[in-house]
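Here is the structure we will look at.
Residue numbers (my numbering), protein chains in the order written: chain A, 1 to 153; chain B, 1001 to 1134.
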C-alpha cells in the first residue's frame, strides 16, 4: 500500500513538472516563418534548456522593466526592439539581470537557467554566444506571442 | 580527521551555490566612449593566438578563446575598445554585463560595458603575453 502511494506520488510529481514545460511549436518548424526585422531594430531571443531541475520555477522575464515573457524549461521566444541599451531580468527571491547593447540588425541570445539560493530557487539570465544558442534552439518550443515593439532606454 | 575533511568538503559543495548569491557587484564608473567611424573600424582587428584566462575582481573568471577576433570600435580614456566579432562576451559579479575589451598598448586595462556606457577596471591591469594577438 505504501509502495503504491509512493509510486502514485512520484507519477503526480512528474506530471506536475512536465505540465510546466514548454509545449508549443518547435523552433525548427517555425524558423522559416519568422518575421523579418524592421529597419533600426534588433532581435532578442530568450531561451531555457529542457530540464527537470528547477522546472517549477518559472518567473517572468523583464526587458527594461517590461514583462516580455516567462522562463519555461524547453521554451524560447523573441522580441524585436529598437537599437539601444537593455537590461533583461528575472525575479524570484532575488533579481538577476544581464545588461547589453542591441544594434540595428543584430540578434542577441539570452539564456535563462535555474540555480539554487538560500530559500528558493532562482533563475539566472546570461548572454549566450550565437553559436551555442543556435545549436540549442531547434529542440525548443515557442512560448511567446507575436513580437511587439517599444522604445529603448 | 578524514571524516572531518569529508564533512568540510560536503559543506563546501552545498555552500558554493549559496555563496554565489553573495557575489560582489562588478565595479564600474561612467566613461566617455568615442566610437571609431569608417575605415578605423574596419581595419583594426585582433585575433587571439592562444586562450587567455582572466580573473575578475568579483572572483569569477573568464577565458578569451583562442582564435576569437576582436574589432576596434572606439576609445575610452583607459584605452582602445574591442568588440568580439560574431560572438558575445560578458563579465559577471552579482549581475551579468556584456563587455568589450579595453586595451592600452599591451595591457588589458578593463572592460567597456556597452549596455551601461560604463567602464569596469582590472586592478592591476593584465599584461597581455607577447604575441597574444596577431
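Don't be surprised by glycine CBs; every beta carbon is placed ideally from N, CA and C.
{"Check": "Inside the region 1056-1117 of chain B only - beta strand (DSSP E) runs reaching at least 3 residues", "Outcome": "1061-1064, 1069-1076, 1079-1084, 1090-1092, 1096-1098, 1100-1104 and 1107-1113"}
{"Check": "C-beta neighbour in chain B for residue 139(A), strict 8 Å", "Outcome": "no"}
{"Check": "Contacts of residue 45(A) in chain B (Cβ-Cβ under 7 Å)", "Outcome": "Within chain B, no residue comes near residue 45(A); the closest Cβ sits about 12 Å away, beyond 7 Å."}
{"Check": "Residue 1113(B) and residue 1099(B) closer than 8 Å at C-beta", "Outcome": "yes"}
{"Check": "Stretch-stretch touch, CB-based, cutoff 8 Å, three pairs: the region 1074-1087 of chain B with the region 1055-1063 of chain B", "Outcome": "no"}
{"Check": "Rounded separation between residue 83(A) and residue 37(A) - CA only", "Outcome": "12 Å"}
{"Check": "Residues, ordered as in the chain, of the region 1093-1107 of chain B that lie near chain A by beta-carbon distance below 7 Å", "Outcome": "1095, 1096, 1097 and 1098"}
{"Check": "Residues of the region 1111-1129 of chain B whose Cβ lies closer than 8 Å to any Cβ of chain A, in chain order", "Outcome": "1113, 1114, 1115, 1116 and 1117"}
{"Check": "Continuous beta strand (DSSP E) stretch holding residue 88(A): start and end", "Outcome": "84-91"}
{"Check": "Residue-level contact to chain B via CB, residue 134(A), 8 Å cutoff", "Outcome": "no"}
{"Check": "Identity of the residues DSSP links to residue 95(A) by a beta bridge", "Outcome": "91(A)"}
{"Check": "Per-residue burial, residue 1105(B) [other beta carbons within 10 Å of its own, 16 or more giving buried]", "Outcome": "exposed"}
{"Check": "Validate contact between the region 85-98 of chain A and the region 119-133 of chain A using beta carbons, cut 8 Å, 3 pairs", "Outcome": "yes"}
{"Check": "Option nearest residue 1101(B) by Cα separation, candidates 1095(B), 1084(B) and 1055(B)", "Outcome": "1084(B)"}
{"Check": "Partners in chain B for residue 63(A), counting only beta-carbon separations shorter than 9 Å", "Outcome": "Those do not exist, as residue 63(A) stays about 12 Å from chain B at its closest Cβ, beyond 9 Å."}
{"Check": "Cβ of residue 86(A) within 8 Å of any chain B Cβ", "Outcome": "yes"}
{"Check": "Beta-carbon spacing of residue 65(A), residue 140(A) below 8 Å", "Outcome": "no"}
{"Check": "Cβ shell of residue 1087(B) (< 7 Å), same chain only, five flanking positions each side left out", "Outcome": "1068"}
{"Check": "Buried or exposed by the 16-neighbour rule on C-beta atoms within 10 Å, applied to residue 155(A)", "Outcome": "Since the displayed chain A opens at 1 and closes at 153, residue 155(A) lies outside it and no answer follows."}
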